[in-house]
Amino acid sequence: MPNDTDTVVLASHPVRRIGFGAMQLPGPGVFGPPKDRDLALVILRRAVDAGVNHIDTAQFYGPDVANELIRQALHPYPDDLVLVSKVGAARGASGEWLGAQQPAELRAGVEANLVALGLDQIPVVNLRRHPESDVPFADQLGAMIAMREEGLIGSIGLSNVSLEQYRAAREHTQVACVQNSYSLADRSDQALFDACRHDAVPYVPFFPLGSAFHPENPVLTAPAVNETARRLDATPAQVALAWLLGQAPTVLLIPGTSSLDHLGENLAAGDLVLDHAALQALSG
Ligand SMILES: NC(=O)c1ccc[n+]([C@@H]2O[C@H](COP(=O)([O-])OP(=O)(O)OC[C@H]3O[C@@H](n4cnc5c(N)ncnc54)[C@H](OP(=O)(O)O)[C@@H]3O)[C@@H](O)[C@H]2O)c1
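Everything in the sequence shown is counted per my numbering, starting at 65 for the first residue and increasing by one.
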């Protein structure tokens, strides 16, 4: 049974399991304008035309580039489109990744997203915790809850959090989703992944394809992935995405791409069925 027609409820909105991550749309290093702005707009429209109704973004992708592209390509937004953003980071003048972890910075981040996306409310915003942040997690969560009560955000998600932080958050609020790094090559978040599966909380792995940051992609160059792809007449990216879909029924994918061909491949990954031999080969 293909996975691509399945939907998962994300903050009360049913969304297709394969969505789109906007991080690859800005220029190199997720900084500055795209190499081909028209192509970036086409990619966004093609994704939505193909049924994508879950797009992950951030004001600090560019900065402002991903959000402005989304707005130009898709506003007024389809009723069923769920835009998910995140707060907790900022960019320096040369593209450095900076923390923006203070409650006031989280609020400024939400406000910047609202303006750039042309929304009165962002359906879901992830609190993206910096692992070395010295700001108390409870203070950050309090800021997010206050913004939800004011109507600036619809629901609160968590990103880059530990299992302990996830559990602590759930004592104070509903958690719409968890967005942490998880892939065939990185299963370090398995305990939190399992907790989300148990709690039926959507888990949205980032770097599902091994990310664009490594010179040698740890997922797409893995021998087991490539051998499985050859045997099943699929691509390595499709194998990686199909494997993730199979890990839990509440996994939602947001692969990032700046290529129309890759977008098509990624959206078709839900049709790929991994047989027993494939799962065995990939389990290592
Ligand atoms: N919460 C967080 O802290 C956080 C961190 C990172 C990312 N994210 C979110 O997660 C999303 C996914 O992560 P990501 O974009 O960094 O990494 P990713 O999806 O693991 O990988 C993106 C890389 O894979 C390539 N790619 C995509 N589709 C491909 C295909 N079919 N065949 C071969 N290569 C392919 C892309 O190149 P091309 O452009 O050439 O296709 C790009 O180099 C992001 O877009 C972002 O929305 C969140």
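Just so you know, even glycine gets a beta-carbon here, dropped at the ideal spot from N, CA and C. All values reported here derive from a predicted model rather than from experimental measurement.
Apart from the five residues just before and just after residue i, which ones in its own chain have a Cβ nearer than 6 Å to its Cβ?
i       : result
Ala-342 : Thr-292
Pro-78  : Thr-71
Ala-333 : Gln-302, Leu-305, Ala-306
Ser-223 : Lys-150, Asn-190, Arg-192, Gln-243
Ala-104 : Leu-89, Pro-98, Leu-133
Ala-357 : Any question about residue 357 goes unanswered here, given that the chain covers just 65 to 348.
Arg-135 : Leu-181, Gly-182
Gly-206 : none
Val-225 : Arg-193
What do you reckon, is the C-beta of residue i under 7 Å from a heavy atom of ligand 1?
i       : result
Ala-301 : yes
Ala-86  : yes
Arg-192 : yes
Glu-213 : no
Phe-95  : no
Asn-330 : yes
Thr-321 : yes
Gln-243 : yes
Pro-272 : yes
Leu-108 : no
Ser-223 : yes
Ile-318 : yes
Ser-197 : no
Ala-275 : A small fix is needed here, since residue 275 is Ser in this sequence, not Ala. Yes, since a heavy atom of ligand 1 falls inside the 7 Å radius drawn around the Cβ of Ser-275.
Leu-248 : no
His-326 : yes
Leu-284 : yes
Asp-144 : no
Lys-150 : yes
Asp-120 : yes
Return the bridge partner residues of residue i from the DSSP annotation.
i       : result
Thr-71  : Arg-80
Ala-342 : Answer by DSSP bridge pairing: none, since Ala-342 is not bridged.
Ser-245 : Phe-270
Leu-162 : Ala-154
Gly-320 : Gly-85
Asp-250 : Ser-247
Ile-220 : Val-189
Ile-119 : Phe-84, Leu-147
By alpha-carbon positions, which one of the options ends up nearest to residue i?
i       : options                            : result
Asp-144 : Asn-177, Ile-220, Leu-74, Pro-319  : Leu-74
Val-189 : Arg-135, Val-242, Pro-92           : Val-242
Ser-322 : Ala-86, Arg-81, Ile-82             : Ala-86
Ser-252 : Val-265, Thr-314, Gln-238, Pro-269 : Pro-269
Pro-142 : Gly-156, Gly-163, Gly-115          : Gly-115
Phe-201 : Gly-215, Leu-227, Val-179, Arg-294 : Leu-227
Arg-261 : Glu-235, Asn-131, Gly-310          : Gly-310
Val-94  : Pro-272, Glu-280, Gly-159, Arg-294 : Gly-159
Asp-203 : His-278, Asp-184, Pro-187, Glu-169 : Glu-169
Ile-119 : Leu-316, Ala-298, Gly-96           : Leu-316
Glu-213 : Val-199, Tyr-246, Gln-185, Arg-231 : Gln-185
Ile-318 : Ala-312, Ala-259, Phe-271, Glu-196 : Phe-271
Pro-92  : Thr-314, Asp-325, Asn-330, Phe-277 : Phe-277
Arg-234 : Asp-263, Phe-257, Gln-344, Thr-314 : Asp-263
Quick one: what's got a C-beta closer than 8 Å to residue i's C-beta in the same chain, skipping five residues either side?
i       : result
Val-289 : Leu-248, Val-283, Pro-300, Val-303, Ala-304, Leu-346
Asp-339 : Leu-296
Gln-238 : Ser-219, Ile-220
Gly-96  : Pro-90, Gly-126, Val-129, Gly-159
Arg-314 : Correcting the residue type first, residue 314 is Thr in the shown sequence and not Arg. Val-72, Cys-260, Arg-261, Ala-264, Val-265, Pro-266, Tyr-267, listed in sequence order.
To which residues of the same chain is residue i closer than 7 Å at the C-beta, ignoring the five residues directly before and after it?
i       : result
Met-211 : Arg-171, Val-174, Ile-217
Ala-111 : Phe-84, Leu-327
Ala-286 : Leu-248, Ala-249
Asn-131 : Thr-121, Gln-123, Asn-177, Ala-180, Leu-181
Asp-128 : Ala-180
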